[in-house]
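If you read the sequence shown in our numbering, its first letter stands for residue 5, the second for the next number, and so on.
Heads up, the beta-carbon is just placed ideally off N, CA and C, and yes, glycines get one too.
Just so it is clear, the structure is predicted and the values come from calculations on it, not from any experiment.
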Amino acid sequence: VEAGPTDIYVKAVGTVALRQLTATSESESYPSWSPDGRSLAFVRNGDGVFTMSQLGGAERQVSASGTQVAWAGDSKSVLIRDRDKDTSPFGIHQVFIDTLERRRLTQAPIGAGDYRFEVSPDGRTLAFIRYEKRGISDLYVVPMTGGEPSRLSNWNAEINGLSWAPDGRDIVYSVNEPTGSRLWRIHVSSATPGRGSPLANIPAAAMNPSLSRSMPGQSGRLAFQTIARDVDA
């Protein structure tokens, strides 16, 4: 049986109730919270990138193309994964919400291009995954003001997710190892490309980490994805 289109839902931590935000005949994916907590951005299959209030309501298309989305630190622009030609590597572009002006932040010279990305808590640095070819990638960082990206890791392997620590000093990321996908933590200020250290007490199947921002009296939370298969005879 083929699965139907996917939609965006919101769930409060500590509850089981779900609130549906989208309900269309197309699939929506890659939801991203704005840092001010007021809006969500998401990708709609075949229609580009949209934003909407976290309360629901009207949508706004901010780009007619793009396959992934994240917010800049001031909640006034979004970053999208896109490319100029069908045959060129993917890069990361910044789109300003008010004017829809676009500027390129990264452009891979060869290979599949740039993948999952997130802006640091202070809004100054962009971290992303660059794929040279299928299954071969590493972490990179670049200032939001522009410049040449710096390579942070030396895996040459399949990295499939990343998230900044609340203090902006480390990045938690997931890499597909022979024993399964695993979460690692690496210092952003590392002098040479490395790997950091694996996170303890995390399932080996963990991937796509997401760290919340710290709040007064409450430390940041780590969420991650695990995949379980239930096959019936």
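- At which residues does the beta strand (DSSP E) containing TRP159 begin and terminate? Residue numbering aside, residue 159 sits at position 155 when the sequence shown is read from its first letter. No beta strand (DSSP E) contains TRP159, which DSSP labels as neither H nor E.
- Message: Please give the ranges of any beta strand (DSSP E) in the region 70 to 133, keeping only runs that are unbroken, at least 3 residues long and fully inside the region.
- Response: 73 to 75, 81 to 86, 95 to 100, 106 to 111, 117 to 123
- Pair every Cβ in the region 74 to 85 with every Cβ in the region 97 to 107, then say whether three or more of these pairs are closer than 8 Å. yes
- Would THR55 pass as a contact of SER31 if the rule is Cβ separation under 7 Å? As a position in the sequence shown, residue 55 is number 51, starting the count at 1. As a position in the sequence shown, residue 31 is number 27, starting the count at 1. The answer is no: Cβ separation not under 7 Å.
- Message: Could you tell me the alpha carbon to alpha carbon distance between GLY221 and ALA68, rounded to whole angstroms?
- Response: On the sequence shown, position 217 is the one that residue 221 refers to. On the sequence shown, position 64 is the one that residue 68 refers to. Approximately 41 Å between the Cα atoms of the pair.
- Query: In angstroms, rounded to a whole number, what distance separates the CA positions of THR110 and LEU203?
  - Reply: Residue mapping note: residue 110 aligns to position 106 of the sequence shown, counting from 1. Residue mapping note: residue 203 aligns to position 199 of the sequence shown, counting from 1. About 29 Å.
- Message: In this structure, how does DSSP classify SER193 when only helix, strand and coil are distinguished?
- Response: Position 189 of the sequence shown, counting from 1, holds the residue named residue 193. Here SER193 sits in coil by DSSP.
- Message: Which same chain residues end up closer than 8 Å to ALA21 when comparing Cβ atoms and leaving out the 5 residues on each side of it in sequence?
- Response: As a working note, residue 21 is residue 17 in the sequence shown. Answer for ALA21: LYS15, listed in chain order.
- Could you tell me which residues DSSP pairs with LYS137 in its beta bridges? Within the sequence shown, residue 137 is the residue found at index 133, counting from 1. Answer by DSSP bridge pairing, in chain order: ILE140.
- Message: Between which residues of its own chain and ILE12 is the CB-CB distance below 6 Å, once the five residues before and five after are set aside?
- Response: Residue mapping note: residue 12 aligns to position 8 of the sequence shown, counting from 1. Excluding residues within five positions, the ones whose Cβ falls inside 6 Å are LEU25, THR26, GLU32, PRO35, PHE46.
- Message: Rounded to the nearest angstrom, what separates THR91 and MET219 at their Cα positions?
- Response: For the purposes of this step, residue 91 is taken as residue 87 along the sequence shown, with counting starting at 1. For the purposes of this step, residue 219 is taken as residue 215 along the sequence shown, with counting starting at 1. Their backbone Cα atoms lie some 43 Å apart in a straight line.
- Item | DSSP bridge partner residues for LEU44 (one or two, in chain order) | Looking up residue 44 in the sequence shown gives position 40. Paired residues: TRP37, MET56.
- One or two residues paired with GLY165 in a DSSP bridge: Residue 165 sits at position 161 when you count from the first residue of the sequence shown. Answer by DSSP bridge pairing, in chain order: SER178.
- Helix, strand or coil: which one does DSSP assign to ARG64? The residue given as residue 64 occupies position 60 in the sequence shown. ARG64: strand per DSSP, three-state reduction.
- Message: Just to check my reading of the structure: ASP142 and ASN158 have Cβ atoms closer than 8 Å, yes? What is that Cβ distance to the nearest angstrom?
- Response: Here residue 142 corresponds to residue number 138 of the sequence shown, with the count starting at 1. Here residue 158 corresponds to residue number 154 of the sequence shown, with the count starting at 1. Indeed they touch by this definition, with Cβ atoms about 7 Å apart.
- Query: Going by alpha carbons, who is nearest to GLU136 out of ILE206, GLU162, ARG128?
  - Reply: The residue labelled residue 136 in the question sits at position 132 within the sequence shown. Nearest of ILE206, GLU162, ARG128 to GLU136, Cα basis: GLU162.
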